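Residue numbers (the UniProt record's numbering): 1 to 748.
Ideal Cβ positions, reconstructed from N, Cα and C, are used throughout, including at glycine.
Bear in mind that the values here come from a model prediction, so they are computed numbers and not experimental data.
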């Protein structure tokens, strides 16, 4: 491709200039590896290559787009009112009075309800055994919801409208990397299929649907549908704030019938109900997906938007419904490809991919047969159902290609139902002492920011995916000296491989090389004939087509079931609950929208921002939690039982003298450093380290603690330190600063 070769030439030329600059200025800090993008040839911005210091370091601020002036809407409206009616008294702030009355408050909610796209109630009728069964469905018209985001000025800088191919120099060559959906192949292909017009833009949607149990015994269920816009940057898109995930519908739940369960006709009926209800959600999208829609966006530019379903995020059960395949016991149980049921464990063999167009042709052919037996046989041979797929009506959307690998269920289920279950079984066989030892060692694991801590795990079951993931991370250390027999060691080796694969797949940025390495991985001969195992064959294809796994997994959206359950238990009367759920969900959305508007209005300007509260800022580190000065003699006396503090004053002085000389610094007055017993130092208990994340190349930070009582527990964090002899692991036990000849010295 000509523009790709031009892009590479420009990058190489700039790298030569950068290398020359470092040669003549050797003391300049090492810069990041150059990165660049190639925009799609039909984009409104001319296809170009550019060097970037970091592709994703500074996401735009949701409340204040870069370069746009802050407008005080309150002052603006008050000044305008005063100009029109100069004799009217100016209203005082906080002049709104809300009466403590339920009906008045309910009216206020009603007046504010238009702030967000409201739910619409519809009724669908589906025939079954010579009768029409009716169900109610509740949806936000999805096109109206999309426009509420696209046209909002606050989100304008968070939208990306053009497909791009992103590259980074790895020291030898430029490798392509994948992170956001628009850097992947599916977005590029979708934009290539649009009319050749610079303002024609893909509007990708991410749809998630799943049932959740509301009541304790699971008799009451909710069937929420969550939507996200793929064009929005991931910090906003994967959040629950405005611009992030939104419940856009509640599907009807078809109750089980003991006389009809497991019958093919009833299974087809439930699928017909699902797709008929989903049509109510997608109906407003169909016309625009075929001819596009000229839309005035939040940045005041008109674009020709073409909506499509880019990603369907679901567990296996929902994927079967979305793709309309026959499920676990079918001849071909995968919603993405034609893998035979008895070959799912063979990840080395690639099978033909399913396509929506092919499935539609098969259904038309089956319905043309004269007998039901012939129709059923053809559909059974292809593991399809006798139901029309609602996603066929959306232009440029293929439900089989949109179905995605799900890391949460692929690894969460593999850990909880298989590996962790085996560990519990093996440890239980060894008796109570082994169980107690696992729990004790799990409890003694060091605490770490972002890592759940557990006092016991052997007799507790967690439904939270993140908690189970953290248990898996720590289990190797908690069980290494308990499962010491051959089967136990082999089991822990399986856990290690599971953790490595989970970590590898969950990378926030993948390159063409990491994907190729994952695809080359060889798997053993053990039989794992179930869909979650087979889904690994599609994970790297999904990354190339849709970006990092955080774009298409269910983990983010599944967390939204929590507020729905809370609403059910706290705000409903447990009768006819769906209308009550959507009422409170809409109020939550309206309240969040208004709150964020108020925060924008109340946010201080740049000149009003308070200064940084860190105690000390040193290059790439910040230290805080400053304590009172203390003398060397007090430190040594207080910690007399700790070998690390034996002759602390003398040893630290010797270390500091050797360190300064080793790095070419002159000693104060030409003499080795010496501290007196009454010399003081200042202890600190917090260290913030800023660094470039090697996994996603963004500016990141670690919070390290060195505190004898942090939230009631000792906290002495560990760190990986680079020395002249290599990398070493250390534990922080004391952080402090001191002064040598009026020069401040910080140490740990």
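Beta-carbon of residue i versus every beta-carbon of chain B: anything under 8 Å?
i: residue 577; result: Considering every chain present, this structure includes no chain B. It has just one protein chain.
In its own chain, which residues sit with a C-beta less than 6 Å from the C-beta of residue i, not counting the 5 before and 5 after it?
i: residue 649; result: 632, 675
i: residue 408; result: 465, 553, 554, 555
i: residue 580; result: 572
i: residue 439; result: 456, 458
i: residue 111; result: none
i: residue 690; result: 620, 701
i: residue 140; result: 117, 119, 248
i: residue 138; result: 119, 121, 250, 582
i: residue 467; result: 452
i: residue 269; result: 128
What's the gap between the Cα of residue i and the Cα of residue j?
i: residue 696; j: residue 508; result: 6 Å
i: residue 417; j: residue 499; result: 15 Å
i: residue 673; j: residue 679; result: 12 Å
i: residue 424; j: residue 729; result: 31 Å
i: residue 348; j: residue 519; result: 9 Å
i: residue 385; j: residue 356; result: 13 Å
i: residue 420; j: residue 513; result: 32 Å
i: residue 215; j: residue 254; result: 16 Å
i: residue 338; j: residue 272; result: 23 Å
i: residue 316; j: residue 403; result: 9 Å
i: residue 340; j: residue 576; result: 43 Å
i: residue 247; j: residue 344; result: 34 Å
i: residue 188; j: residue 709; result: 53 Å
i: residue 366; j: residue 285; result: 28 Å
i: residue 453; j: residue 443; result: 7 Å
i: residue 371; j: residue 144; result: 44 Å
i: residue 130; j: residue 406; result: 39 Å
i: residue 333; j: residue 310; result: 22 Å
Quick one, are the C-beta atoms of residue i and residue j less than 8 Å apart?
i: residue 688; j: residue 621; result: yes
i: residue 331; j: residue 256; result: no
i: residue 630; j: residue 681; result: yes
i: residue 124; j: residue 135; result: yes
i: residue 319; j: residue 557; result: no
i: residue 277; j: residue 251; result: yes
i: residue 447; j: residue 476; result: no
i: residue 207; j: residue 158; result: no
i: residue 492; j: residue 501; result: no
i: residue 538; j: residue 336; result: yes
i: residue 460; j: residue 222; result: no
i: residue 547; j: residue 179; result: yes
i: residue 396; j: residue 308; result: yes
i: residue 183; j: residue 211; result: no
i: residue 589; j: residue 116; result: yes
i: residue 560; j: residue 204; result: no
i: residue 721; j: residue 713; result: no
i: residue 282; j: residue 390; result: yes
i: residue 684; j: residue 626; result: yes
i: residue 383; j: residue 326; result: yes
Out of the options, state which residue places its alpha-carbon closest to the alpha-carbon of residue i.
i: residue 388; options: 185, 244, 187, 360; result: 360
i: residue 471; options: 484, 105, 488, 450; result: 450
i: residue 550; options: 146, 145, 181, 172; result: 181
i: residue 218; options: 568, 741, 671; result: 568
i: residue 598; options: 574, 242, 138, 478; result: 242
i: residue 147; options: 373, 435, 288, 646; result: 288
i: residue 428; options: 163, 479, 390; result: 479
i: residue 40; options: 711, 342, 399, 197; result: 197
i: residue 263; options: 128, 292, 506; result: 128
For residue i, which residues of its own chain have a beta-carbon under 8 Å away from its beta-carbon, when the five flanking residues on both sides are left out?
i: residue 185; result: 544, 545
i: residue 430; result: 482
i: residue 704; result: 686, 687, 688, 689, 717, 719, 732
Closer than 7 Å by C-beta to residue i: which residues in its own chain qualify, once you throw out the five before and the five after it? Chain order, please.
i: residue 101; result: none
i: residue 504; result: 518
i: residue 303; result: 161, 199, 201, 295, 297
i: residue 175; result: 167, 168, 511, 512, 513
i: residue 352; result: 337, 338
i: residue 653; result: 673, 674, 675
Go through the segment 207–244 residue by residue and report every complete run of the beta strand (DSSP E) that reaches 3 residues or more, in order. 221–229
Runs of 4 residues minimum, wholly inside the segment 440–515: which ones carry the alpha helix (DSSP H) assignment? 465–479, 486–505
Starting from the N-terminal side, write out each stretch of the beta strand (DSSP E) that is 3 residues or longer and does not extend beyond the segment 109–159. 120–127, 132–139
Whole runs of the beta strand (DSSP E) within the segment 630–717, excluding any shorter than 3 residues: 680–692, 699–710, 713–716
Whole beta strand (DSSP E) runs in the segment 253–287 with 3 or more residues, listed along the chain? none
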